[in-house]
Ligand code: SF4
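Numbering (the numbering used here), first residue to last: 2 to 190.
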């Protein structure tokens, strides 16, 4: 069950159909799903770059982790020829701020991607998050004056987050059926 975005205005603009189902209703469904499938076996996609603030994405991720749901945080990758082609992807700093805070929280909660049996969290190709699932103190939330910018004009930021992952000694799991651009990037870092 993919949330994609969490702020009401962002949801209404990016996905007016799905936005008719409230975030509260999604959370009720997550609770029910965890009762059926167990902690760590339910995940949801959260796309950074649709307009949600860093604070909103962190709040939603923390709430999901408390329920036993894996928040699969991914950067928006604008695709030429689609209605979102002109959107700016999130900056590498924005993604790093998310991963460095949420990764350790996942480890602390016992929600590791390696234990997930199926779905995007298991695959991991579209996110660098699994590379940050290490024991340790979660990075502090960046304050309002922090030096990161929410968006970047560089579409290479997805490459940067894969490289950050590789710097930590982790090679993202990239399955044979991953989108070609991700395969090429993962092989390059
Ligand atoms: S490539 Fe993997 S992580 Fe990305 S959408 Fe497909 S299953 Fe999910």
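Every residue gets a Cβ at the ideal spot worked out from N, C-alpha and C, and that includes glycine.
Near the ligand SF4: residue i beta-carbon under 7 angstroms from a heavy atom
i	result
residue 191	A question about residue 191 goes unanswered here, because the residues of the chain that appear run from 2 up to 190.
residue 126	yes
Distance, residue j Cα to residue i Cα
i	j	result
residue 20	residue 9	7 angstroms
residue 4	residue 24	8 angstroms
residue 102	residue 138	8 angstroms
residue 92	residue 140	17 angstroms
residue 67	residue 110	8 angstroms
residue 55	residue 95	7 angstroms
residue 117	residue 142	26 angstroms
residue 38	residue 126	23 angstroms
residue 107	residue 36	19 angstroms
Residue i beta carbon near the ligand SAM (any heavy atom closer than 7 angstroms)
i	result
residue 85	No copy of the ligand SAM appears in this structure; the ligands present are the ligand SF4.
Nearest residue (CA-CA) to residue i, options the options
i	options	result
residue 134	57, 50, 112 and 62	112
residue 34	129, 70 and 50	70
Stretch-stretch touch, CB-based, cutoff 8 angstroms, three pairs: the stretch 74–91 with the stretch 31–44: No, the stretch 74–91 does not touch the stretch 31–44.
Segment contact, 8 angstroms Cβ cut-off, at least three pairs: the stretch 92–111 with the stretch 25–34: Below 8 angstroms, too few C-beta pairs join the stretch 92–111 and the stretch 25–34 to call them touching: fewer than three.
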